[in-house]
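Asker: To start, I am sharing the structure in question, which I have written as structure tokens.
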Amino acid sequence: MSERAIETWEHEERFAAAVAREAGAIVLRWYGDGVHVEWKGRGDPVTEADKDANAHIVAALGREFPDDAVLAEESADDRSRLGRERLWVVDPLDGTREFVDRNGEFVVMVALTFQGRAVAGAIFHPTSGTLLRAREGGGAWAEDASGVRRLRVSDRDDPAAFRLLVSRSHRSPRIDAVRTALGLRDEQPCGSVGLKMARLARGEADLYVHFGGGTKEWDLGAPDILIHEAGGAVTDIHGARIPYNREDVRTPAPYVASNGVRHREILERLAGIG
17 MSERAIETWE HEERFAAAVA REAGAIVLRW YGDGVHVEWK GRGDPVTEAD KDANAHIVAA
77 LGREFPDDAV LAEESADDRS RLGRERLWVV DPLDGTREFV DRNGEFVVMV ALTFQGRAVA
137 GAIFHPTSGT LLRAREGGGA WAEDASGVRR LRVSDRDDPA AFRLLVSRSH RSPRIDAVRT
197 ALGLRDEQPC GSVGLKMARL ARGEADLYVH FGGGTKEWDL GAPDILIHEA GGAVTDIHGA
257 RIPYNREDVR TPAPYVASNG VRHREILERL AGIG
């Protein structure tokens, strides 16, 4: 990657943050209005909030970066993206089930991937007004009513003491095997993937493990760069970074996000579970 490419990520990071905020405002306009729910598939709801926020983000990206490819959850997949260096991945409402349940545990996520890796992105939590943003080499940052501060993952180094994040709405039965393999005592239910990763990046939790192929590229782009820039690690169960701009947008293998302190050891201890 050229020096010029590295320098450009600041603009992309700032733009992702701005458009995520704008989409969050759109989502909040629908929040609590008895929004109509449709089903794209079993356990996969979509609302007017998802669609409106998606349309706003995609249009804004088209105006600002007309030569970039976009992969957004509520848009048809334009396969011309394959092989392109720059791809934006967009989740306009991560945690639709939580949005419908009105528990506040949903976020908006926008990220840029370059040559198959996440390089800049933002996560916006509409109900709290908290924005998390990061770019490759620029650190991870939080912005809220109290100001701007740099994010760092926790420094806990005993896997048995790790605070494990689990899904509030669809906890995998294999989580029990994870707890046994690592001797974990603390399990913390949380809504969307993005919100779980945000808590990890802020040092409020230490580990998240996801099995199955339900996660898509738009679920991971912004959390991926955020956690890495906060000092943590996000890899598949074999230790490889998450790849982007693939033909099949589903994550190809189970993945693990952690504070990075004992990441390799954790992968080895979980190898037989995935």
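Positions in the sequence shown are counted from 1; adding 16 to them yields the working numbering. Beta carbons are placed, not taken as given, at the ideal position from N, Cα and C, and that holds for glycine. On a predicted model such as this, the values are computed, not experimentally measured, just so you know.
For residue 19 and residue 30, what's the separation of their Cα atoms in angstroms?
Answerer: Unreliable positioning characterises residue 19 in this predicted model, as indicated by a pLDDT of 43, which lies under 50. The coordinate reading is nonetheless provided below. Distance between the alpha carbons of residue 19 and residue 30: 19 Å.
Asker: Below 7 Å CB to CB, which residues in the same chain sit around residue 37 once its five sequence neighbours on both sides are set aside?
Answerer: Only 140 and 147 meet the Cβ criterion.
Asker: By the 10 Å Cβ neighbour count, where 16 or more other Cβ atoms means buried, how is residue 93 classified, buried or exposed?
Answerer: Flag for residue 93 reads exposed.
Asker: Assign residue 174 to one of three DSSP states: helix, strand, or coil.
Answerer: The answer is coil: DSSP assigns residue 174 none of H, G, I, E or B.
Asker: Taking the continuous beta strand (DSSP E) assigned at residue 146, which residues delimit it?
Answerer: Element bounds for residue 146: 146-151.
Asker: Excluding the five sequence neighbours on either side, which residues of its own chain have a C-beta within less than 8 Å of the C-beta of residue 231, listed in chain order?
Answerer: 209, 266, 267 and 271, listed in sequence order.
Asker: Identify, in the order they occur along the chain, each residue of the same chain with its Cβ nearer than 7 Å to the Cβ of residue 62, setting aside the five sequence neighbours on each side.
Answerer: Within the same chain, residue 62 has close Cβ partners 54, 56, 90 and 112.
Asker: Below 8 Å on the Cβ atoms is my contact criterion, and I expect residue 73 with residue 39 to pass it. Report the Cβ-Cβ distance as a whole number of Å.
Answerer: That pair is a contact at about 5 Å.
Asker: Closer than 6 Å by C-beta to residue 214: which residues in its own chain qualify, once you throw out the five before and the five after it? Chain order, please.
Answerer: Closer than 6 Å at Cβ, skipping near neighbours: 139 and 148.
Asker: Along the chain, which unbroken stretches of the alpha helix (DSSP H) at least 4 residues long are found entirely within the stretch 148-228?
Answerer: DSSP runs (the alpha helix (DSSP H)) wholly in the stretch 148-228: 191-198 and 209-217.
Asker: In this structure, does DSSP put residue 48 in helix, strand or coil?
Answerer: Reduced to three states, the DSSP call for residue 48 is coil.
Asker: Within the same chain, show all residues whose beta-carbon is closer than 6 Å to that of residue 17, passing over the 5 residues directly before and after it, in chain order.
Answerer: Confidence at residue 17 is low in this model, with a pLDDT of 43, below 50, so the placement of that residue is unreliable and no value is reported for it.
Asker: Helix, strand or coil: which one does DSSP assign to residue 96?
Answerer: Residue 96: helix per DSSP, three-state reduction.
Asker: Is the beta carbon of residue 293 less than 8 Å from the beta carbon of residue 26?
Answerer: Outside the shown range of the chain, which is 17 to 290, sits residue 293, and nothing can be said about it.
Asker: Please give me, in chain order, every unbroken run of the alpha helix (DSSP H) with length at least 4 that falls completely inside the stretch 84-136.
Answerer: With a minimum length of 4 residues, the continuous alpha helix (DSSP H) runs that stay inside the stretch 84-136 are 112-117.
Asker: Straight-line CA distance for residue 21 to residue 109?
Answerer: Bear in mind that a pLDDT of 43 at residue 21, under 50, signals an unreliable position, so the number given afterwards is only what the model happens to contain. Their backbone Cα atoms lie some 29 Å apart in a straight line.
Asker: In whole angstroms, what is the alpha-carbon distance linking residue 196 and residue 276?
Answerer: Spanning the two alpha carbons is a distance of roughly 20 Å.
Asker: Assuming residue 167 and residue 88 form a contact by the criterion Cβ under 8 Å, report the distance between their Cβ atoms to the nearest whole angstrom.
Answerer: That belief does not hold up - the Cβ atoms of residue 167 and residue 88 are roughly 26 Å apart, past 8 Å.
Asker: Any idea what DSSP makes of residue 54, helix, strand or coil?
Answerer: Strand, per DSSP.
Asker: From residue 261 to residue 242, what distance separates their C-alpha atoms?
Answerer: Approximately 19 Å between the Cα atoms of the pair.
Asker: Work out the CA separation of residue 104 and residue 77 for me, nearest whole Å.
Answerer: For residue 77 and residue 104, the distance between alpha carbons rounds to 8 Å.
Asker: Spatial neighbours of residue 283 within its chain, please: C-beta separation below 8 Å, excluding the five flanking residues on both sides.
Answerer: Correct list, in chain order: 251, 253, 254, 255 and 272.
Asker: Helix or strand or just coil, what does DSSP make of residue 259?
Answerer: Here residue 259 sits in coil by DSSP.
Asker: What are the boundary residues of the alpha helix (DSSP H) that includes residue 61?
Answerer: From DSSP, residue 61 is part of no alpha helix (DSSP H) but of the beta strand (DSSP E) over 60-63.
Asker: Does the stretch 115-124 come within contact of the stretch 164-181, defined as at least 3 CB pairs closer than 8 Å?
Answerer: The answer is no - the stretch 164-181 does not touch the stretch 115-124, with fewer than three Cβ pairs under 8 Å.
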